[in-house]
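Student: My questions will all concern the structure given below.
Numbering (my numbering), first residue to last: 14 to 144.
Structure below.
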């Protein structure tokens with residue numbers, strides 16, 4: 014997928030009111046499922062390696078994630094990565110109201126598209142380091 018088509022994919026989630034928060038990518042939770050040489054070894058007869066093939070292999074050989082987490086394919090989820098250019102929490106520890114409003118506004122679309130939730134990328138630190 015090209016960078017432009019990837020950006021378009023997340024545009025449907027828009028940005029927060031003051032444009033401090035926006036969806037920029039996806040991330041595996043608790044981590045991405047890792048394919049190993051065993052997956053390729055057990056899949057020699059097929060050209061495609063996808064969900065169905067991995068689930069079949071796991072029925073026969075047990076959980077196979079390369080991170081050795083013990084979790085099956087079905088328990089590895091995808092979350093939306095939200096880029097943050099403002100504080101996520103207030104000084105009193107409450108969630109930033111702009112972020113809260115934004116997440117509520119995209120919650121139904123997020124669930125409809127099968128995402129497990131959100132992860133946050135703090136862009137404030139990156140901006141500070143580049144100055």
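Even for Gly, the Cβ is constructed at its ideal location relative to N, Cα and C.
It should be emphasised that the depicted structure is a prediction, and the values quoted were computed from it without experimental measurement.
Assuming residue 71 contacts residue 86 (C-beta within less than 8 Å), just tell me the rounded distance between them.
Tutor: For the purposes of this step, residue 71 is taken as the residue at position 58 of the chain shown. For the purposes of this step, residue 86 is taken as the residue at position 73 of the chain shown. With a Cβ gap of about 6 Å, residue 71 and residue 86 count as contacting.
Student: Does the beta-carbon of residue 60 have 16 or more other beta-carbons within 10 angstroms, so that it is buried, or is it exposed?
Tutor: Against the chain shown, residue 60 aligns to sequence position 47. Of the residues assessed, residue 60 falls on the exposed side of the cut-off, its CB having fewer than 16 other CB atoms within 10 angstroms.
Student: At a cut of 8 Å, does the region 53-68 reach the region 91-100 through at least three beta carbon pairs?
Tutor: no
Student: Among the candidates 31, 91, 33, 51, whose CA atom is the shortest distance from the CA of residue 39?
Tutor: If you number the chain shown from 1, residue 39 lands on position 26. The candidate whose alpha carbon is nearest that of residue 39 is 91.
Student: Select from 41, 115, 29 the residue whose C-alpha is nearest the C-alpha of residue 88.
Tutor: One-based indexing of the chain shown puts residue 88 at position 75. Selected option, being the one with the closest Cα: 41.
Student: Counting only runs that start and end within the region 15-41, where is the alpha helix (DSSP H) found for 4 or more residues in a row?
Tutor: 16-24
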